[in-house]
Amino acid sequence: MANYQQPPKLAERFLRWSLPEELKEPLLGDLAEEFQLLHFSNQACATQWYIKQVLRTSNQYIWQTKKGILMFVLSLFVFSAMSYMALWFSVDGSIGDTFADLPSLILTFPPAILFAIGVTSVKDMKNAFALLYNDELALSSLQMQNAKQFYRVLGNTAVLMSIFTAFIGDVAIAVNIENVEHEFGPALGVCMLVLMYSFGLKTVCYAAEQKVQYRLNSLNAVT
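And the structure:
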């Protein structure tokens, strides 16, 4: 059709993501037809109506189809918010100046990710992340085991890398012991930051690993 108008893509994708598989085509088709009729008379009203219908419809189904990812994201949000509150109450100055250290992040996260990919594979990494946001993803028991192993290696390696980096910091403190009054505080702070980053990642990886284990238990119960 020459005058066919595509419904708002972002809203359409969100609704497609939140609907059960058997309802996607019928509901999206009906909404698209109604959108076309309204669009001929008033484009702004048609767009507003479509977005409102998407929000209303997705709210009916999203807690059935995407409950896992929503609860996981909510858990991450609460964990991040509580951590930020703890950091905010513990310092008088800027949180970024006190708790942000780029070298510590570089020494912890990239090596842990590379080790996890090296032990498993890039495909296993993609499956591991996909399992967090796609409850309908169909994977075999072996693929879920590999995804679970990816999270386990990622979290454990991050902690081990932070301990190794902390030892480097301890050596640096020992070498410059003559300047202990000026060097000890900053060096010890960096050592503790590395440990803090790694245990934060370990916590998230543990939760992700248990989510994959839950999916695996459900799969084994069915088979």
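Residue numbers (the numbering used here): 333 to 555.
Just so it is clear, CB atoms sit at the ideal spot from N, CA and C, and this is done for glycine as well.
Considering residue i, what are the terminal residues of the alpha helix (DSSP H) in which it resides?
| i | result |
| --- | --- |
| GLN392 | 375-397 |
| PRO435 | 434-451 |
| ASN459 | 454-465 |
| ALA343 | 341-350 |
Looking only at its chain, what residues have a beta carbon closer than 6 Å to the beta carbon of residue i, apart from the 5 residues adjacent to it on each side?
| i | result |
| --- | --- |
| GLN475 | ASN459 |
| PRO339 | ALA364, PHE367, TYR382 |
| TYR465 | ILE401 |
| PHE482 | ALA448, THR452, ASP456, MET457, ALA460 |
| LEU548 | MET476 |
| SER390 | LEU347, SER350 |
| THR489 | ALA444, PHE447 |
| LYS341 | none |
| PHE411 | none |
| ASN478 | THR452, ASP456 |
Would the beta-carbon of residue i fall within 9 Å of that of residue j?
| i | j | result |
| --- | --- | --- |
| VAL526 | GLY487 | no |
| ILE557 | SER453 | Absent from the structure is residue 557, since the part of the chain shown begins at 333 and ends at 555. |
| LYS480 | VAL544 | yes |
| SER530 | ALA444 | yes |
| LYS534 | ASP467 | no |
| ALA506 | MET524 | no |
| SER473 | LEU369 | no |
| PRO352 | THR397 | yes |
| ALA378 | GLN337 | yes |
| ALA539 | SER415 | no |
| GLY532 | LEU520 | no |
| PRO435 | VAL522 | yes |
Grab me the residues of residue i's own chain with a C-beta within less than 7 Å of its C-beta, minus the 5 sequence neighbours each way, in chain order.
| i | result |
| --- | --- |
| VAL386 | ALA343, PHE346, LEU347 |
| ALA462 | LEU469 |
| LEU439 | MET493, THR497, VAL526 |
| HIS371 | GLN337, ALA378 |
| MET333 | Confidence is the limiting factor: at MET333 the pLDDT is only 47, short of 50, which leaves the residue's position unreliable, though a coordinate-based value still follows. Hits under 7 Å: none found. |
| GLN323 | Absent from the model: residue 323. The displayed extent of the chain is 333 to 555, so no value can be given. |
Excluding sequence positions up to five away, which residues of its chain have a Cβ less than 8 Å from the Cβ of residue i?
| i | result |
| --- | --- |
| LEU355 | TYR393 |
| LEU437 | TYR529 |
| ALA413 | none |
| GLU541 | LYS480, TYR483, ARG484, GLY487 |
| VAL554 | none |
Assess, as a yes-or-no matter, whether the region 489-508 is touched by the region 392-408 under the definition of 3 or more beta carbon pairs within less than 8 Å. No: fewer than three Cβ pairs fall under 8 Å.
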